[in-house]
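Peer 1: Under the working numbering, the first residue of the sequence shown is numbered 50, with each subsequent residue one higher. The beta-carbon is built from N, C-alpha and C at its ideal position, and this holds for glycine as well. Predicted model, so just to flag it, every value in this text is computed and none were measured. Let me give you the structure first, and then I'll get to my questions.
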Amino acid sequence: MQLGPTELIIILVIVVILFGGGRIARLGGELGSAIREFRRGVGDGEKKAQSQLPPNTASTPEELPAAKQPVEQR
């Protein structure tokens, strides 16, 4: 099921009528700030995980010793 531009406009008009323009703008702003906080948290978690690795740890899969060994097939 695909929605065309006409259907999307109808849905948008119904949403504006139900909730009002001010409330939709406020919800959009809250959603944007929530997404920014989520991305910031993910970035902080990645930085923390990287800082906890030993300094001589390989950073890419190609550099890992196991990646250089042939895979055994049964």
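#1: How long is the line joining the alpha carbons of Ile59 and Phe68, rounded to whole angstroms?
#2: Quick one: grab the DSSP three-state call for Leu76.
#3: Roughly how many whole angstroms lie between the Cα atoms of Met50 and Glu56?
#4: Are the Cβ atoms of Val62 and Ile73 separated by less than 8 Å?
Peer 2: Let me lay it out:
#1: 14 Å
#2: helix
#3: 12 Å
#4: no
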